[in-house]
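In this note's numbering, the protein residues as written are 161 to 516. Virtual Cβ for every residue (Gly too), placed ideally from N, Cα, C. Worksheet: one structure, shown below.
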């Protein structure tokens with residue numbers, strides 16, 4: 161392990177040196193990439209220094225035991241050696257996790273798209289419930305939530321709602337939400353009291369930065385139209401809503417949340433860039449999903465990931481067979497326990513892959 165860490169330390173020193181090179185400093189894309197690599201390596205380098213120090217102290221304690229005649233000194237050295245070996249074993253477990261290649265998108269912001277699925281009006285109401293659940297969770301994490309686009313349901317909720325979430329490591333937490341979410345409950349419109357099953361799909365995209373995707377203006381067709389729905393006097397009177405079409409891929413993005421056409425354009429561009437980036441990224445997810453049950457490939461939007469059963473106050477994640485019986489608090493945004501369980505399961509799988 162020490163050899164592996166020494167190699168990483170060498171790489172860290174090389175990157176530090178490269179970042180002082182005037183040629184690299186003038187190449188913004190490369191400089192940002194190296195800055196990120198340096199930041200990602202920082203925890204490993206700190207662990208390496210601490211681990212190397214423990215190894216040196218173990219060697220010293222063994223030397224004392226081999227050469228010291230005084231029994232009191234030997235007893236102290238033996239006690240110290242046992243404590244150091246215990247600390248070394250724990251550090252090795254931690255370092256193994258650190259050495260597993262991280263998802264390159266974990267530190268990114270996220271775009272969350274929620275769409276009503278099967279179940280008619282009840283599916284739209286459930287999509288609205290999921291939207292409120294995620295907003296409350298994001299607020300508790302002190303993340304910023306911006307509405308990008310929304311299509312309201314006929315009796316409440318949403319047929320579709322898209323939000324942009326920005327903050328620290330948003331995608332690393334929210335990526336597990338992609339997939340089909342199923343709800344079992346008695347709809348408000350049901351007079352017989354029968355339990356119905358409805359569904360909504362959630363798609364979580366890592367927000368692509370300008371350096372991730374090169375977008376040519378000539379490849380984008382921009383259309384403007386009057387916004388619809390809530391929004392005050394400007395709705396249906398000004399052409400503030402934006403529709404962007406990426407001609408090479410056929411991807412279409414709309415945004416009508418802001419009264420300003422320019423603000424809507426900027427928001428739509430972020431989503432467009434992220435969806436183009438996702439085309440490449442989903443190949444990576446598809447490869448991972450073959451070996452990891454915790455990650456649902458973006459190529460399979462029909463994968464059922466979770467069931468919300470209201471009569472039993474139960475939430476079940478089918479990927480890891482994890483069940484909780486606190487549905488009201490869960491729907492109120494208290495979803496961290498399940499995200500932690502999914503992360504733990506994925507880390508175990510990643511470690512298994514690494515050990516191989």
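Coarse secondary structure for residue 161, derived from DSSP in three states: coil
Is residue 287 closer than 8 angstroms to residue 315 when the C-beta atoms are compared? Between residue 315 and residue 287, the C-beta gap is not smaller than 8 angstroms, which leaves the two residues out of contact.
- Query: Should residue 406 be listed as close to the ligand GDP, given that the test is whether its C-beta is under 7 angstroms from any heavy atom?
  - Reply: In the structure on display, the ligand GDP does not appear, and there are no ligands present to speak of.
message = Measuring only the C-alpha atoms, how far is residue 346 from residue 359?
response = 14 angstroms
By Cβ distance below 7 angstroms, which residues in the same chain neighbour residue 512 in space, the five residues on each side in sequence not counted?
Excluding five sequence positions before and after residue 512, none of the CB atoms of its chain fall closer than 7 angstroms to its own CB.
Exercise for the section: Decide if the segment 296-308 is in contact with the segment 325-333; the criterion is three or more beta carbon pairs, one per stretch, under 8 angstroms apart. Expected result: yes
Notebook entry, point to check: Do you know offhand how far residue 385's Cα is from residue 414's?
Noted result: 10 angstroms
Euclidean distance between Cα positions of residue 496 and residue 230 = 54 angstroms
Note down, in chain order, each residue of its chain lying with its Cβ closer than 6 angstroms to the Cβ of residue 412, except the 5 sequence neighbours on either side. 405
Q.
Helix, strand or coil, according to DSSP, for residue 209 in the structure here?
A. helix
What do you reckon, are the CB atoms on residue 427 and residue 310 nearer than 8 angstroms?
no
query = Can you tell me the Cα-Cα spacing of residue 368 and residue 437, whole angstroms?
reply = Cα to Cα, residue 368 sits roughly 6 angstroms from residue 437.
Assigned exposure category for residue 355 - 16 Cβ within 10 Å defines buried:
exposed
**OP:** Determine which residues share a DSSP beta bridge with residue 123 and list them.
**Re:** With the chain covering only 161 through 516, there is no way to say anything about residue 123.
*asked:* By DSSP's criteria, residue 271 is part of a beta bridge. Which residues make up the other side?
replied: 324, 365
ask   = Distance, Cα to Cα, residue 319 vs residue 469?
value = 21 angstroms
### Query
Per DSSP, what kind of secondary structure is residue 471 in: helix, strand or coil?
coil
Element boundaries [beta strand (DSSP E), containing residue 339] | 339-345
Enumerate in chain order the residues of its own chain whose CB-to-CB distance from residue 317 is below 6 angstroms, with the five nearest sequence positions on each side excluded. Setting aside the 5 residues that flank it on each side, residue 317 is surrounded in the same chain by 284, 285, 287, 288, each with a C-beta closer than 6 angstroms to its C-beta; the list follows chain order.
Open item on the list: So, with DSSP's three-state summary, where would you put residue 334?
Closed with: helix
Whole angstroms are fine: how far does the CA of residue 375 sit from the CA of residue 187? 18 angstroms
Q: Output the boundary residues of the beta strand (DSSP E) element that contains residue 292.
A: For residue 292, no beta strand (DSSP E) segment is defined; the enclosing uninterrupted segment is the alpha helix (DSSP H) at 281-300.
task = Tell me, please, which residues DSSP counts as bridged to residue 304.
result = 326
_Suppose you measure from the CA of residue 161 to the CA of residue 280; what does that come to, to the nearest Å?_
56 angstroms
(Q) I need the DSSP call for residue 220, collapsed to helix, strand or coil. (A) helix
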